[in-house]
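Working notes, structure below.
Residue numbers (this note's numbering): 113 to 318.
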């Protein structure tokens, strides 16, 4: 993991959000790396956030690195299928809320202050939809990372019969189109990744 902690000194001259020499971001990254099946996606979401906003807040950095945490703790009773339901408002609300409910205590266990945990949770709770600049940046970084690291999963949806080709294409298209129109850099960065994803879908054998 590169130096992305972004810690700031507090009034006592100590490092905000650090414990035992590690920042909350570093502890969160270690947590996700240990438990998440798509840890690379979350790591690259943080990387893309820092491309879009090198001065991103600690809360935004941690949200980027943890936003999909619920996928590490599957709910066996859930009726949802992400391949089928990715554009369902109800599914996305459930997914975001469950991520938020898991991330807040997880961060508190890793030394986050109540304020920091609350700020991160607020961003995680809207990571699929954005809504203000900081949230829009996290959402865009998520999209860029998805197009870069997760197209294989969408290909597998089609190959396994979980989703038709048109739905898979729609998922990739949505990753670009959901970005705020104001984030022109993110949209420009996404276009070649989107086109590469379509080529991977084209390579699926009939």
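Every residue gets a Cβ at the ideal spot worked out from N, C-alpha and C, and that includes glycine.
| Check | Outcome |
| --- | --- |
| Local conformation of residue 135 per DSSP, three classes | strand |
| Residue 152 to residue 142 span [Cα, whole Å] | 12 Å |
| Buried/exposed call for residue 218, threshold 16 Cβ in 10 Å | buried |
| Beta-carbon proximity of residue 301 to residue 168, cut-off 8 Å | no |
| For residue 185, the three-state DSSP class (helix, strand or coil) | coil |
| Residue 257 vs residue 198 beta-carbon contact at 8 Å | no |
| Exposed unless 16 or more other CB atoms sit within 10 angstroms - verdict on residue 125 | Caution is warranted here: a pLDDT of 28 is assigned to residue 125, below 50, making its placement in the model unreliable, and the coordinate value is therefore given only provisionally. Label assigned to residue 125: exposed. |
| Reference residue 238, options 228, 207 and 277, closest by Cα | 207 |
| Sequence-distant residues of its chain with Cβ nearer than 7 Å to residue 185 (five each side left out) | 214 |
| Where the alpha helix (DSSP H) containing residue 192 begins and where it ends | From DSSP, residue 192 is part of no alpha helix (DSSP H); its letter is neither H nor E. |
| Alpha carbon of residue 117 to alpha carbon of residue 317, nearest angstrom | At residue 117, the pLDDT of 47 sits below 50, so the modelled position is not reliable; the number obtained from the coordinates is stated separately. The straight-line gap from Cα to Cα measures roughly 43 Å. |
| Residue interval of the alpha helix (DSSP H) (run including residue 316) | Where residue 316 is concerned, there is no enclosing alpha helix (DSSP H), given that its DSSP letter is neither H nor E. |
| Length-filtered (4 minimum) alpha helix (DSSP H) runs lying within the segment 186-262 | 194-197, 201-221, 226-236 and 245-261 |
| Simplified DSSP assignment, three categories, for residue 106 | Since the first residue of the chain shown is 113 and the last is 318, residue 106 is not available in this structure. |
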